[in-house]
Amino acid sequence: MAFPKPELSAFILFALLALSFTTPSAAADWGTGAGEISVYWGQKSESIEGTLESLCSMFLSIGQDVVARKAKSHGHYSSNSSSSDSTAAAEKLASYLLEKYLSGNAGPLGSVALDGINIADVADGKNLKWDEVVKAINASTTDRKIYLGAAPQCPYPDFYLGKVISTGLIDYIWVEFFYHNFCIYANEDASNLLKEWNIWSAGVPGSKIFLGLVAADAGIEGYIPPKDLISKVLPTVTLSSNYGGVAIWDRALDIANNYTAQIKSSVPKDCICACNGDDAWNRYYGLGSASLSRSV
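In mature numbering (1 follows the signal peptide of the UniProt record, and there is no 0), the protein residues as written are -27 to -1, 1 to 269.
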């Protein structure tokens, strides 16, 4: 059954979870201190960021490879607010995502079945009932797991994503611990960040939480030098039973500052690579779409 393209105002970060992504049994046995590194890839040209393959080759294991693309021509919907604040609009979007991205049928990315989606940059879709979207997606399949993620800002609860996170259906949360003075590392002091991290960890015990970091001091408040991350932050956050790892924004800054290379021995077990942007996605899709497809 085909679904018409919905007209909704929202940005969606579609996440492609490879076949070997965390299984339910593994999710039930996260353990203390088990961490991964997530890197946003695709903000800049390949000449600046390198290829997705080169990024993931930095790690010993790429068994949990997540590829994400920021919705633009294929996933950015626009309309007036009167249609975007209804349950019907949310269900319409969920149906479209299921048909075009999660089913294995032909869609904007080809005939691939993504294993999940990650919701981010939703200010333009603030009136959309994101809780209804994820409920509809979660209820749509019984034969396989659809992983659901969200990337909130660090104040808890997030203004835009708080309600969808409170459903208990979000598997992975990449909390952005930058920009906000209220909950970032500042003046060599991690106390505000750690306080808010503990609130997040206690508030969403059923979700895996990632510490969202900016990879360089590039005018973005909240940058944590690698040595300070390792000595002042990771010893505390890794104690959380639902600690997932760190999420790095972004690959261009990462290369410029050699950030991931400096922290990877203290954080990851696998590489999660997130690409962001149409051009980046097209390059990646041409490289490895066959290995990322699956039968439904």
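All C-beta atoms in this analysis are idealised placements derived from N, C-alpha and C, irrespective of residue type, glycine included. Treat the numbers as computed from the prediction; the structure is a model and nothing was measured.
Cα-Cα separation between residue i and residue j, rounded to whole angstroms
i, j, result
"glutamate 72", "glutamate 161", "48 Å"
"glutamate 9", "valine 240", "6 Å"
"serine 113", "tryptophan 103", "15 Å"
"lysine 205", "isoleucine 110", "39 Å"
"tyrosine 133", "isoleucine 92", "10 Å"
"leucine 142", "glycine 77", "22 Å"
"alanine 62", "leucine 101", "8 Å"
"phenylalanine 150", "proline 130", "13 Å"
Beta-carbon contacts of residue i that lie in its chain and below 6 Å, excluding the five residues immediately before and after
i, result
"tryptophan 147", "Ala124, Phe183, Gly185 and Ala220"
"tyrosine 145", "Gly122 and Lys181"
"alanine 188", "Ile221, Leu226, Asp227, Asn230 and Tyr232"
"alanine 159", "none"
Cβ distance (whole Å) where residue i is taken to contact residue j below 8 Å
i, j, result
"threonine 140", "valine 107", "6 Å"
"lysine 181", "glycine 135", "Rounded, the Cβ-Cβ distance is 18 Å, inconsistent with contact."
"isoleucine 119", "aspartate 94", "Actually they do not touch by this definition, with Cβ atoms about 20 Å apart."
"isoleucine 193", "isoleucine 236", "Contact doesn't hold; Cβ gap of about 17 Å is too wide."
"leucine 70", "alanine 86", "Not confirmed; about 12 Å, so no contact."
Close-in-space but distant-in-sequence residues of the same chain around residue i (CB under 7 Å, 5 per side omitted)
i, result
"threonine 209", "Leu167"
"alanine 1", "With a pLDDT of 32 at alanine 1, under the threshold of 50, the predicted position of this residue should be treated as unreliable, and no value is reported."
Close Cβ partners of residue i (< 8 Å) along its chain, the five nearest in sequence each way excluded
i, result
"proline 128", "His153, Phe155, Cys156 and Glu169"
Buried or exposed (CB count within 10 angstroms, at least 16 for buried), residue i
i, result
"lysine 200", "exposed"
"phenylalanine 224", "It should be pointed out that residue 224 corresponds to arginine in this sequence rather than to phenylalanine. That one is buried."
"leucine 212", "exposed"
"glycine 195", "buried"
"isoleucine 21", "exposed"
"serine 164", "exposed"
"threonine 115", "exposed"
"serine 238", "exposed"
"alanine 191", "exposed"
"serine 84", "exposed"
Top-ranked residue by Cα proximity to residue i, from the options
i, options, result
"glycine 176", "Leu66, Gly23 and Ile138", "Ile138"
"glycine 122", "Tyr158, Ile90 and Ser84", "Ile90"
"serine 214", "Asn171, Leu75 and Ala159", "Asn171"
"lysine 65", "Glu105, Gly179, Trp14 and Gly83", "Glu105"
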